[in-house]
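Working notes for the structure below.
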Amino acid sequence: MFHSLLKPLVMTDSPAAVDDGSAPATTSTTSTTFADLGLKPALLHALTELGYEEPTPIQAETIPKLLGGHDIIGQAATGTGKTAAFALPIVNGIDESTPARPVALVVVPTRELAVQVSEAIFKYGRGSRVKVVPIFGGQPISRQFKALERGVHVVIATPGRAIDHIKRRSLDLTNVRTVVLDEADEMLDMGFTEDIEAILKATPDSRQTVLFSATMPPRIAKIAQTYQSDPITVKIGSGKQTKASTLIRQTVYVVMRNYKATALGRILDIEQPTSAIVFCRTRTEVDELAVTMNARGYRAEALHGGMDQKQRDRVMSRLRDGSAELLVATDVAARGLDVDSLTHVINYDVPSAPESYVHRIGRVGRAGREGIAITIAEPRQRRLLKNIERLTGQQIAVEKVPSVSDLRSKQIEMTVGAVSEALAVPDLEDYQPILDALGESHSERDIALAALKLVHTARGSAVDDREIPDASDWKNGRDRDGKGGKKQGKRAPSGKPRGGGGDGETGFVFVNVGRKAGVRPGDLVGAIANESGLTGADIGPIRISENYAVVGVPESDVDNVVRAMRSTMIRGKQARLRRYVE
Ligand code: AMP
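Encoded structure:
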């Protein structure tokens, strides 16, 4: 049986393939490839260069439909590969001969996302000479005028800034063939509904309209109804093979991206797996992580689709005979892989579809044995984790990344274990001559301590004393679904509970610009979200007076927001914020 870990499970009722581990370690020929989706060779080349081995479910389902000219409603969260799902069809339609006038407009809620999407499109489109520019609030508009004047094919814009450019006639939308609303629910939460409608109205009626949103509240359906024509809905997560074995202990550690490798090392030091498989998304990531882990003293082997059968066999035998302890692999390469001694499955990234998660972790917890599944997630991937929990009906326990002192205790425990084992073996008398030689000038205690020092350091117990900041608060404080909070929401001054966000306590910030300066709720939410990293759902209620505004944010973030907004302009005015106390 072939294993279709990432086969589209979209909009079908067919159960996902159950990974029973019985298949040979070969690459499946049944799964969808990027070439099957109808993308041009230059793009396929770019994807190989990036180490993408196969489309994620949302890509497999969406790309052919977008290439076929359909409007799409895509229900997908960050981490599902949604950016490439809409970006690849856009890039596919552009080449050197395309006049440098905007043919695609992607509207996103925040500056970060604008930059991220623009970088992705740049990477995919480099071989096709695609010109792309992000335009967002907070950056001097004159710089954006110049970039737009030089000529571009794809514009990635935040709503407010897009409107500014449309009004100033610096953004020519007459040739736009595709408009994408990315993270549409987030934009509506931020108060950008009017802006989005104005943007859509300013583009040609003949456009293709693509809407991506993690959730589908009625307000999104209304936008779709008004501005799309016969949209096809694509959503991931309908496979039925959803249960992970109850013998698997599932945990997640939440850390910022740049701490992931260190966190993995720390977790492995504590967990001490006999043999573990670490899943990465791309070939490039597999190669890099295998090198990093080897440099940190782990015996790691890489396994990905770019390797031939002989190389794969060699890697697998090293894992089976114990000369390698970590296998770093892509989903494609690990398909059908069955290793009896496997104790841990580690997701170095949250898988792009909940079904892949279940398949991946199904490699442990078999035949009555216990297994451990560890996921390393970034705070922004919380929604993907929620989807997984919803699909499996099982909670993934959030754990704190082990601290330096946890690591030290573990290392001491291991040295104690090793020395205790040595004490139980009856060959100690052989070492009496050494003790006698040292005993002439040292006490037995000092000799024991020196010997322990040698054992302890020889075991690789060098102390890595860098603490890894823990980002696991997201699950309680920042959860838009609001299920994880501990405290009861405090009533806001308007008498309404805090808008949409988690149920932690609300604090307030005073902002020195108001209606007179033309400030609208979207300006405040956009600026605060951009600068502080809060989401639209975290922000509110908002009260705008003639000369100032008062904005609700999570109490624990008030100081952070005030600090983050120190050099921010709102509606062309230097914003000054302070804590607001009634
Ligand atoms: P997104 O959901 O668009 O934020 O994408 C999440 C991450 O997955 C990004 O780092 C992408 O580069 C990566 N990615 C997207 N598609 C694929 C793919 N087919 N294979 C491997 N990685 C991918």
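Numbering-wise, this note's numbering puts 31 at position 31 of the sequence shown, and it's gapless, one number per residue.
The C-beta atom is built at its ideal place from N, Cα and C for all residues, glycine as well.
Just so we're clear, the structure is a prediction, and the values are computed from it rather than from any experiment.
Secondary structure in the region 439 to 463: the alpha helix (DSSP H) runs of 4 residues or longer, each lying completely within the stretch, are 444 to 458 in chain order. Your pair residue 121 and residue 132 checks out as a contact, with CB atoms roughly 5 Å apart and the cut at 8 Å. The C-alpha of residue 525 lies about 58 Å from the C-alpha of residue 452. Sequence-distant partners of residue 470 (beyond 5 residues in either direction) whose C-beta falls short of 6 Å from its own C-beta, in its chain, are 400 and 401.
Ranked by how close their Cα comes to the Cα of residue 407, the residues 234, 262 and 171 have 262 in first place. Taken atom to atom, the span from the alpha-carbon of residue 110 to that of residue 56 is near 24 Å. Between residue 105 and residue 152, the CB-CB gap reaches or exceeds 7 Å. With distances taken between CA atoms, residue 283 lies nearest to 53 out of 556, 558, 53 and 547. Of the residues 202, 161 and 195, the one whose Cα lies closest to the Cα of residue 178 is 202.
Here the alpha carbons of residue 405 and residue 544 stand approximately 48 Å from one another.
In terms of CA proximity to residue 113, 531 leads the group 552, 548, 570 and 531.
Distances between the C-beta of residue 281 and the heavy atoms of the ligand AMP include at least one below 6 Å.
Remark: the shortest separation between the CB of residue 348 and any heavy atom of the ligand AMP does not fall under 6 Å.
With a threshold of 6 Å, the Cβ atom of residue 82 counts as near the ligand AMP, since some heavy atom of the ligand is closer than that. Runs of the alpha helix (DSSP H) spanning 4 or more residues and lying entirely within the region 363 to 440 occur at 382 to 392, 404 to 423 and 432 to 439, in chain order. Under the criterion of beta carbons closer than 8 Å, residue 192 and residue 76 do not qualify as touching, at roughly 20 Å. DSSP lists no beta-bridge partner residue for residue 80. Going by C-alpha positions, residue 414 is about 58 Å away from residue 144.
At a Cβ-Cβ threshold of 7 Å, residue 571 and residue 517 count as neighbours. Along the length of the region 497 to 547, whole beta strand (DSSP E) runs at least 3 residues long occupy 506 to 511 and 542 to 544, reported in chain order. Counting only runs that start and end inside the region 314 to 351, the beta strand (DSSP E) elements of at least 3 residues fall at 326 to 329 and 344 to 347.
For residue 141, the uninterrupted alpha helix (DSSP H) segment begins and ends at 141 to 150. Judged by their CB atoms, residue 346 and residue 450 are not nearer to each other than the 7 Å cut-off. In the three-state DSSP reduction, residue 129 falls in the coil class, being neither helix nor strand. The residues 447, in chain order, have a CB closer than 6 Å to that of residue 438 in the same chain once the five nearest residues on each side in sequence are set aside. For residue 222, no pairing in a beta bridge is given by DSSP. Contact check for residue 83 and residue 117: beta-carbon distance about 6 Å, within the 8 Å limit, so the pair qualifies. With contacts defined as CB atoms closer than 7 Å, residue 175 and residue 129 fail to qualify as a contacting pair.
When beta bridges are read from the DSSP output, residue 134 appears opposite 156. Measuring C-alpha to C-alpha distances from residue 81 to each of 265, 158, 95 and 349 identifies 349 as the nearest. Partner residues in the beta bridge of residue 253, as assigned by DSSP, are 376. At a cut-off of 3 residues, the continuous stretches assigned as beta strand (DSSP E) that sit fully inside the region 267 to 291 are 276 to 279. Counting C-beta pairs with one atom in each stretch, the region 246 to 254 and the region 369 to 381 have three or more that are closer than 8 Å, which means they touch.
The residues 265, in chain order, have a CB closer than 7 Å to that of residue 296 in the same chain once the five nearest residues on each side in sequence are set aside. Counting the other Cβ atoms within 10 Å of the Cβ of residue 228 gives 16 or more, which makes it buried.
Around the CB of residue 186, 16 or more other CB atoms lie within 10 Å, so the residue is classed as buried.
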